[in-house]
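Chains as they are written, first to last, in the numbering used here: chain A, 13 to 217; chain B, 2 to 140.
Glycine is no exception: its CB is placed at the ideal position from the N, C-alpha and C atoms.
Comments concern the structure below.
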């Protein structure tokens, strides 16, 4: 649910990083936090357990500049990926304007990726949203494992598993090294802002 | 549903929050939505990270709603956290919004609650009006 403030000339949107546990959602946000100036980012909040697993969510507010005199503010959230934190995921998805699905390239996680994407679809549907129409971007994370002895999925396999019906932009990435992180953020922001702007223009007419 | 506020809506909301502060002795009031976005504020939030507070408040409300459900309640309509110096009072406004009031020992919980009740009703009416307007525009 985007919040459009005509008085302050401001649009606030919510983007959620979704995906299986230990896939690198928090690492994405940490990298963004580390590489943006204090002027554009707010404080990053993480509610996690001792083992660095996200318990509730991570939260990072960012200013993305102006479009047609409207300041664009996005709030990035991550969900806990582990299966049993279903209630928390639903909570974080409340009022979502766009989703980044962070898939794990490790072959051992293949089923988990598909399960998590299905779970996203169900949870969105419960909120009256359609995975095929909501702004969505995929990220194939941990590509830096290529060439190591850890078996990973090829991009083609991941496309087939996750993107054959959705056909949304997908970015190979290494959140740890920062590759593809900003490309993903840029694309999802573009899509969300376009989606919200369309709604605003309809209302302004 | 997106929330779209024009100048007049915002002035009315801020007026409610200002009155809340003036009559209760609290020092800061925020209006946020259930997805964690800050909509309006009144008082002196300059020393406070209000954006983070908004996100955490929405999460806090969601989490306690689960406790409510365990007890057979649908949801709690207000929450209160007491600190050594600072206290926070949260109240639900309709299904989509929350008012956060920060106060210290210069006033009392009783007075804050009393004033909150009135303002919650007023804000509820404002949002019902905005919702009805948006609905008729869509139609």
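Residues, ordered as in the chain, of the stretch 49-68 of chain B that lie near chain A by beta-carbon distance below 8 Å: 50, 52, 53, 56, 57, 59, 60, 63, 64 and 67
When you compare the CB of residue 125 of chain B with every CB in chain A, is at least one pair closer than 7 Å? Against the second chain, residue 125 of chain B aligns to sequence position 124. No - not a single Cβ of chain A is within 7 Å of the one on residue 125 of chain B.
What are the start and end residues of the beta strand (DSSP E) that includes residue 79 of chain A? Working through the first chain from its first residue, we reach residue 79 of chain A at position 67. Note, residue 79 of chain A: beta strand (DSSP E), 66-79.
Residue 14 of chain A, enclosing alpha helix (DSSP H) - first and last residue: By 1-based counting over the first chain, the position of residue 14 of chain A is 2. Boundaries for residue 14 of chain A: no alpha helix (DSSP H) harbours it, and the DSSP string shows neither H nor E there.
Excluding the five sequence neighbours on either side, which residues of its own chain have a C-beta within less than 8 Å of the C-beta of residue 156 of chain A, listed in chain order? If you number the first chain from 1, residue 156 of chain A lands on position 144. Same-chain partners within the cutoff: 186, 188, 189 and 191.
Going by CA-CA distance only, name the one from A:33, A:42, A:73 and A:45 that's closest to residue 38 of chain B. What you label residue 38 of chain B is simply residue 37 of the second chain in a count that begins at 1. The option with the nearest alpha carbon to residue 38 of chain B is A:73.
CB-CB under 8 Å to residue 98 of chain B, same chain, minus the five flanking residues each way: which ones, in chain order? Locating residue 98 of chain B in the second chain gives position 97, where the first residue counts as 1. Hits under 8 Å: 32, 33, 34, 35, 40, 124 and 128.
For residue 35 of chain B, decide whether its Cβ has a neighbour in chain A, counting only Cβ atoms nearer than 7 Å. Here residue 35 of chain B is taken as the residue at index 34 of the second chain, counted from 1. Residue 35 of chain B counts as touching chain A.
Is the beta carbon of residue 125 of chain A closer than 7 Å to that of residue 102 of chain A? Taking the first chain and counting its residues from 1, the one referred to as residue 102 of chain A is at position 90. Taking the first chain and counting its residues from 1, the one referred to as residue 125 of chain A is at position 113. Taking a C-beta distance under 7 Å as the contact criterion, residue 102 of chain A and residue 125 of chain A do not qualify as a contact pair.
What are the residues of the stretch 13-27 of chain A that lie near chain B, defined by any Cβ-Cβ distance shorter than 7 Å? 13, 14, 15, 16, 17, 18, 19, 24 and 26
Distance check for residue 89 of chain B and residue 180 of chain A, CA to CA, integer angstroms please. As a position in the first chain, residue 180 of chain A is number 168, starting the count at 1. As a position in the second chain, residue 89 of chain B is number 88, starting the count at 1. Each residue's Cα considered, the two are about 43 Å apart.
With contact counted as at least three CB pairs below 8 Å, one residue from each stretch, are the stretch 30-41 of chain A and the stretch 11-27 of chain B in contact? Judged by Cβ distances under 8 Å, the stretch 30-41 of chain A makes no contact with the stretch 11-27 of chain B, as fewer than three pairs qualify.
Check whether the stretch 41-56 of chain A touches the stretch 71-85 of chain A, taking contact to mean three or more Cβ pairs, one atom from each stretch, closer than 8 Å. yes
What does residue 35 of chain A pair with, by DSSP beta-bridge criteria? Against the first chain, residue 35 of chain A aligns to sequence position 23. Residue pairing by DSSP leaves residue 35 of chain A without any beta bridge partner.
Starting from the beta carbon of residue 137 of chain A, find every residue of chain B whose beta carbon is closer than 7 Å, and list them in chain order. Taking the first chain and counting its residues from 1, one reaches residue 137 of chain A at position 125. What residue 137 of chain A touches in chain B: nothing, since even the nearest Cβ is about 17 Å away.
For residue 194 of chain A, the three-state DSSP class (helix, strand or coil): Translated into the one-based positions of the first chain, residue 194 of chain A becomes position 182. Helix.
Looking at C-alpha atoms only, which residue of B:135, B:126, B:133 and B:134 is the closest neighbour of residue 13 of chain B? The residue labelled residue 13 of chain B in the question sits at position 12 within the second chain. From the listed residues B:135, B:126, B:133 and B:134, the smallest Cα separation to residue 13 of chain B is found for B:126.
By the 10 Å Cβ neighbour count, where 16 or more other Cβ atoms means buried, how is residue 92 of chain A classified, buried or exposed? What you label residue 92 of chain A is simply residue 80 of the first chain in a count that begins at 1. Under this definition residue 92 of chain A is a buried residue.
Would you check if there are 3 or more beta carbon pairs closer than 8 Å linking the stretch 75-89 of chain A to the stretch 19-28 of chain A? yes
Can you tell me which of the three DSSP states residue 96 of chain A falls into? Stepping through the first chain from its first residue, residue 96 of chain A is reached at position 84. Helix.
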